[in-house]
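Novice: Below is a structure I'd like to ask you about.
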Amino acid sequence: MCLGIPGRLVEIVDAGQHLATVDVSGVRRTISIRLVAADGPQVGDWVLVHVGFALAVIDEDEATRTLEAMEKLGAAYQDEIEAFGSSAIP
C-alpha cells in the first residue's frame, strides 16, 4: 500500500533544487518540494508526502487528523513509515 503521509518541513536543504528535510513521525529524510514551490513552503509547514515528493501544503489540523487516522491502520502504517525511512533522494 502506498500512502501520502503528513510531514513537517524542518529544513530547506537546497532551495535551488527544491529539496527539503521533512519529519514524518520522527523519521527525517530529504524530499523534493518542487511540486509545491508555488505555495512557498517554509520551515514549520506541513506537507503531504508521497514517494519522496511533497504533493500539497496542508494545515496542522489536517496533518494531525490524518496522522491519527493512519496510526489506526496499525501494521500498514508502520510498514509505510519503515519504507519512508529507508528511501532517499540521492
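Residue numbering for the sequence shown follows the UniProt record's numbering, beginning at 1 and increasing consecutively.
Glycine is no exception: its CB is placed at the ideal position from the N, C-alpha and C atoms.
1) Return the CA-CA distance between D23 and G4, expressed in angstroms with no decimal places.
2) How big is the Cα-Cα spacing for M1 and E62?
3) Between T66 and G16, what straight-line distance do the alpha-carbon atoms span, to the nearest angstrom?
4) Tell me whether G7 is buried or exposed, calling it buried when 16 or more other Cβ atoms sit within 10 Å of its Cβ.
5) Is T30 near V13, with beta carbons less than 8 angstroms apart?
6) Which word fits D45, buried or exposed, when buried means at least 16 other C-beta atoms lie within 10 angstroms of its C-beta?
7) Measure from the alpha carbon of A38 to the alpha carbon of each residue in L73, V27 and H18, then state which is nearest.
8) Whose C-beta lies closer than 6 angstroms to the C-beta of T21 among residues of the same chain, with five residues either side of it excluded?
9) Provide the residue(s) that pair with residue 96 in DSSP beta bridges, ordered along the chain.
Specialist: According to the data block:
1) If you draw a straight line from the Cα of D23 to the Cα of G4, it comes to about 14 angstroms.
2) With a pLDDT of only 47 at M1, under 50, the local geometry of the prediction cannot be trusted, and the value read off the model is given with reservation. For M1 and E62, the distance between alpha carbons rounds to 21 angstroms.
3) Within the model, the alpha-carbon separation for T66 versus G16 is close to 30 angstroms.
4) Burial of G7 is indicated by the presence of at least 16 other C-beta atoms within 10 angstroms of its C-beta.
5) Note that the C-beta distance between T30 and V13 is below 8 angstroms.
6) Here D45 is buried, its C-beta having at least 16 other C-beta atoms within 10 Å.
7) Shortest Cα-Cα distance from A38 to any of L73, V27 and H18 involves H18.
8) Cβ neighbours of T21 within its own chain (closer than 6 angstroms, five residues either side excluded): V10, E11, V13, R28 and T30.
9) Past the edges of the chain, shown from 1 to 90, lies residue 96, and the structure says nothing about it.
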